[in-house]
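There are 2 protein chains.
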Amino acid sequence: MESAIAEHLKCPRTRHRRIEDDYVPPYPAWSARAAGAVSQVVMGYFGVQSRGAAMQGRACAALAGIARSFGLTDGPGHHDLTHFVDADGFDNMIAIAYWNDPAPFARWCATPEVDDWWQSDQRLDEDLGYFREIVSPRVAHYETLFNTPDRFEGVGVVMGGASGDIQEHAYWGSMRDRIPLSQTDAMVPSGVRAIVAQTAQAGRRVRVAGHEHLAMIRSGQEWADTRGQERTLYVDEMEPVLREGMEFLRDQGLGIGCYSNRYMRHLDAAGAPLEKSFGLSFWRSLADLERWAESHPTHVAIFGGFMRYVQALNFQLQLRVYHEVSVLKTDEQSYEYVNCHPRTGLLNGLA
Amino acid sequence: MESAIAEHLKCPRTRHRRIEDDYVPPYPAWSARAAGAVSQVVMGYFGVQSRGAAMQGRACAALAGIARSFGLTDGPGHHDLTHFVDADGFDNMIAIAYWNDPAPFARWCATPEVDDWWQSDQRLDEDLGYFREIVSPRVAHYETLFNTPDRFEGVGVVMGGASGDIQEHAYWGSMRDRIPLSQTDAMVPSGVRAIVAQTAQAGRRVRVAGHEHLAMIRSGQEWADTRGQERTLYVDEMEPVLREGMEFLRDQGLGIGCYSNRYMRHLDAAGAPLEKSFGLSFWRSLADLERWAESHPTHVAIFGGFMRYVQALNFQLQLRVYHEVSVLKTDEQSYEYVNCHPRTGLLNGLA
Numbered sequence: 073m074e075s076a077i078a079e080h081l082k083c084p085r086t087r088h089r090r091i092e093d094d095y096v097p098p099y100p101a102w103s104a105r106a107a108g109a110v111s112q113v114v115m116g117y118f119g120v121q122s123r124g125a126a127m128q129g130r131a132c133a134a135l136a137g138i139a140r141s142f143g144l145t146d147g148p149g150h151h152d153l154t155h156f157v158d159a160d161g162f163d164n165m166i167a168i169a170y171w172n173d174p175a176p177f178a179r180w181c182a183t184p185e186v187d188d189w190w191q192s193d194q195r196l197d198e199d200l201g202y203f204r205e206i207v208s209p210r211v212a213h214y215e216t217l218f219n220t221p222d223r224f225e226g227v228g229v230v231m232g233g234a235s236g237d238i239q240e241h242a243y244w245g246s247m248r249d250r251i252p253l254s255q256t257d258a259m260v261p262s263g264v265r266a267i268v269a270q271t272a273q274a275g276r277r278v279r280v281a282g283h284e285h286l287a288m289i290r291s292g293q294e295w296a297d298t299r300g301q302e303r304t305l306y307v308d309e310m311e312p313v314l315r316e317g318m319e320f321l322r323d324q325g326l327g328i329g330c331y332s333n334r335y336m337r338h339l340d341a342a343g344a345p346l347e348k349s350f351g352l353s354f355w356r357s358l359a360d361l362e363r364w365a366e367s368h369p370t371h372v373a374i375f376g377g378f379m380r381y382v383q384a385l386n387f388q389l390q391l392r393v394y395h396e397v398s399v400l401k402t403d404e405q406s407y408e409y410v411n412c413h414p415r416t417g418l419l420n421g422l423a
Numbered sequence: 073m074e075s076a077i078a079e080h081l082k083c084p085r086t087r088h089r090r091i092e093d094d095y096v097p098p099y100p101a102w103s104a105r106a107a108g109a110v111s112q113v114v115m116g117y118f119g120v121q122s123r124g125a126a127m128q129g130r131a132c133a134a135l136a137g138i139a140r141s142f143g144l145t146d147g148p149g150h151h152d153l154t155h156f157v158d159a160d161g162f163d164n165m166i167a168i169a170y171w172n173d174p175a176p177f178a179r180w181c182a183t184p185e186v187d188d189w190w191q192s193d194q195r196l197d198e199d200l201g202y203f204r205e206i207v208s209p210r211v212a213h214y215e216t217l218f219n220t221p222d223r224f225e226g227v228g229v230v231m232g233g234a235s236g237d238i239q240e241h242a243y244w245g246s247m248r249d250r251i252p253l254s255q256t257d258a259m260v261p262s263g264v265r266a267i268v269a270q271t272a273q274a275g276r277r278v279r280v281a282g283h284e285h286l287a288m289i290r291s292g293q294e295w296a297d298t299r300g301q302e303r304t305l306y307v308d309e310m311e312p313v314l315r316e317g318m319e320f321l322r323d324q325g326l327g328i329g330c331y332s333n334r335y336m337r338h339l340d341a342a343g344a345p346l347e348k349s350f351g352l353s354f355w356r357s358l359a360d361l362e363r364w365a366e367s368h369p370t371h372v373a374i375f376g377g378f379m380r381y382v383q384a385l386n387f388q389l390q391l392r393v394y395h396e397v398s399v400l401k402t403d404e405q406s407y408e409y410v411n412c413h414p415r416t417g418l419l420n421g422l423a
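Protein chains in written order, with the numbering used here: chain A, 73 to 423; chain B, 73 to 423.
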């Protein structure tokens, strides 16, 4: 067993972990490990927003175009295609792409084929919305967690390595304890979100500035390999509670520090839903995320249900679960919305 | 809103709380406050153990005798009469008494009427067991929590005052954050329990030495005032889960650091059960208690259920809940068992 914090990211502590040194978690879990050369990653959320069945074909084509552009030089090491319907009834498809270095990402972004498309005024005249939510945490500013040491998801795919089983998990507060920055920093937020620039066409091309220590979580599950009792447990008992929690955050999150929540489903390359989903949310602070996770009845039920679930199955799970959590510096965030409705992503509550 | 840690017990911190300074709990709670003159309290558990219906009369008479002795000079400021049936099928009645000063307790104990009875060899020949579990935490070594600011229970009754509504509650880790010692001490346990002295009659009069930072919790609820939906919620939904958790600790607690657990019911002076109960447990460490509370499905369900419950009732609860938690120095513990079976209290797992 080893710490979730990689050796080369350890430093003299000014803040303690929540656990004692002799703590042994009740079941194993793993973190992704960045090779020493990896100092900063990029998580890019490239969205296409549409409304109504008539627009779905055009939206899908736009998403396919984005996915194709990932194949250009300096494209991402991994991407997912995902979908959800938001509270305003819009379809939102997001291609989520990961780079293990900001330099190729910047070059990819500057590729004329990519940049011209993004900057074109045509993007305002297609009855579609587009957005880019780009976060680029340094390796000390995020953590990952997986219940299996293989088949990583998300940023874990591009980090290149895996830990042994880790000590800091299966207790409240372990998320914070896994983030290297927590060794010396309470990660208190400062500043506020703000709309920082608009084009002449007011509101149609909008940038949002994040703030120091804004937190973000992608937390997912894949039930494709579950069978029998385990499948029933997930589909009939856990998923409805998870959905209730996700809808609470979507509809009432602003009051508790959740700027945006999307409960998304993975799509295959042809646009068909896979048996994989995740919640994606942005928060004022890691503390706000902690408070919700630890006190909202739905999430407490999810956690308690999972604990019961893994014990009932004697820790032989086919359900795959993972998450990635970042606490972002101001310079690690870039949010831009083109022709999107005012409750989209980080715009939510600002417009 | 104020800190659960009384002003005069605050000190420069070397360890942080789990919450940010701007944390606001979702519902109010209160702590008992000791007057400045109170520096150490005594929590005395005076038990009578019997087996079978035929012995109940004699056991009740013995308990009544103990309760009568509380009326002597220097007796406790408050006491409860309580009962449970342990895993070995023994009835255990405990008179739980509280003093707000160790000096009168010591004098009361030394009263010939009290001491002669306790020391008498007759205690070995009545087909009853007796025990005294006396813990005397200094005020920096324990905390209390109540969901109403009136009608305190337990040690709160003798402390003489109440806080305003407190900040450190309704999150995991708040128990630790309410204990003044946590400002500077991780409260790591050291040493082991041990049987330290026996009389010539081996095993029949036994003392157990505790160890540094042994933790103890009394956590209770009164449902006497609940009606309708709230009563159904407690009786049919929460209590069975609570009972499951209590039975797990009773039967399998040793493996996770729980030395002893009793799920007890209050009795009135005539021996009839009241609609009040509590769990009483001793732990190797506060961390072990935290880990169980936060990860065992039953307790997570209790916490999640309570969160849902208070929200469903719009925080207008008739259910009264409270707890008191101590982290004890070696010199704050005294455990003595006379004629008790080997799994009684702190003897559990030692004999």
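Glycine included, C-beta positions come from ideal geometry on N, C-alpha and C. Computed from a predicted structure; not experimentally measured.
- In this chain, the alpha helix (DSSP H) harbouring C181(B) covers 174-182.
- Contacts with chain B (Cβ-Cβ distance below 7 Å) from the segment 389-409 of chain A involve no residue at all.
- For Y306(B), none of the residues of chain A pass the 7 Å Cβ criterion, the least Cβ distance being about 16 Å.
- Beta-bridge partners assigned by DSSP to P98(A): none are found.
- The continuous beta strand (DSSP E) containing F350(B) extends over residues 345-355.
- Rounded to the nearest whole angstrom, the CA to CA distance from R380(B) to T145(A) is 52 Å.
- Contact note: H88(B) reaches chain A through R87, H88, A258, using a C-beta cutoff of 8 Å and chain order.
- Counting the other CB atoms within 10 Å of its CB gives H155(A) a total of 16 or more, which places it among the buried residues.
- The three-state reading of DSSP puts W244(A) in coil, since its state is none of H, G, I, E or B.
- Closer than 8 Å to the CB of A359(B) there is at least one CB belonging to chain A.
- Close partners of S367(B) in chain A (Cβ separation under 8 Å): P98, A242, Y243, M379.
- G376(A) reaches chain B at P369, V372, A373, G376, counting residues in chain order whose Cβ is nearer than 7 Å.
- Taken in chain order, the members of the segment 91-123 of chain B whose beta-carbon sits within less than 8 Å of a beta-carbon on chain A are I91, E92, Y95, P98.
- Distance check between Q239(A) and each of Q301(A), E347(A), F218(A), L389(A) places F218(A) closest, using alpha-carbon atoms only.
- Taking the CA atoms as reference points, H338(A) sits about 27 Å from E366(A).
- By the Cβ criterion, the segment 246-263 of chain A is not in contact with the segment 126-134 of chain A, since fewer than three pairs of Cβ atoms, one from each stretch, lie closer than 8 Å.
- In this chain, the beta strand (DSSP E) harbouring H150(B) covers 150-157.
- By the neighbour-count definition (other C-beta atoms within 10 Å, threshold 16), R85(A) is an exposed residue.
- Boundaries for V260(A): no beta strand (DSSP E) harbours it, and the DSSP string shows neither H nor E there.
- Boundaries of the beta strand (DSSP E) harbouring M165(A): 163-171, taken from the DSSP string.
- Residue-level contact check: Q383(B) touches chain A, since one or more beta carbons of chain A fall below 8 Å from its beta carbon.
- Here C330(B) carries a strand assignment [DSSP, helix/strand/coil].
- For the segment 325-351 of chain A, the set of residues with a beta-carbon nearer than 8 Å to any beta-carbon of chain B is empty.
- For Y407(A), no alpha helix (DSSP H) run applies; the uninterrupted beta strand (DSSP E) run containing it begins and ends at 405-410, by DSSP.
- By the beta-carbon neighbour count (other beta carbons within 10 angstroms, threshold 16), A373(A) is buried.
- Of the candidates D340(B), Y331(B), R123(B), D340(B) places its Cα closest to the Cα of H151(B).
- Looking at the DSSP output, F218(A) sits in a beta bridge with W102(A), Y394(A).
- Taking D323(B) as the centre and dropping the five residues before and after it, the same chain places the C-beta of A159 closer than 8 Å to its C-beta, in chain order.
- In the DSSP annotation of this structure, the continuous segment of the alpha helix (DSSP H) that includes R380(A) starts and ends at 369-384.
- Contact of R315(A) with chain B by beta-carbon distance below 9 Å is absent, the smallest such distance being about 16 Å.
- Within chain A, no residue has its CB atom less than 7 Å from the CB of R250(B), the nearest being about 15 Å off.
- The alpha-carbon of G292(A) is positioned some 56 Å away from that of A125(B).
- Shown here for F203(B): same chain residues with a beta carbon closer than 8 Å to its own, the five before and five after excluded, namely Y117, F118, G119, Q121, Y407, E408, Y409, V410, C412, T416, G417 in chain order.
- The alpha carbon of E396(B) has as its nearest neighbour, out of V278(B), F378(B), E79(B), M231(B), the alpha carbon of M231(B).
- In this structure, the alpha-carbon of A139(B) lies about 7 Å from that of A167(B).
- Interface with chain A (8 Å Cβ-Cβ cutoff): R356(B) is excluded.
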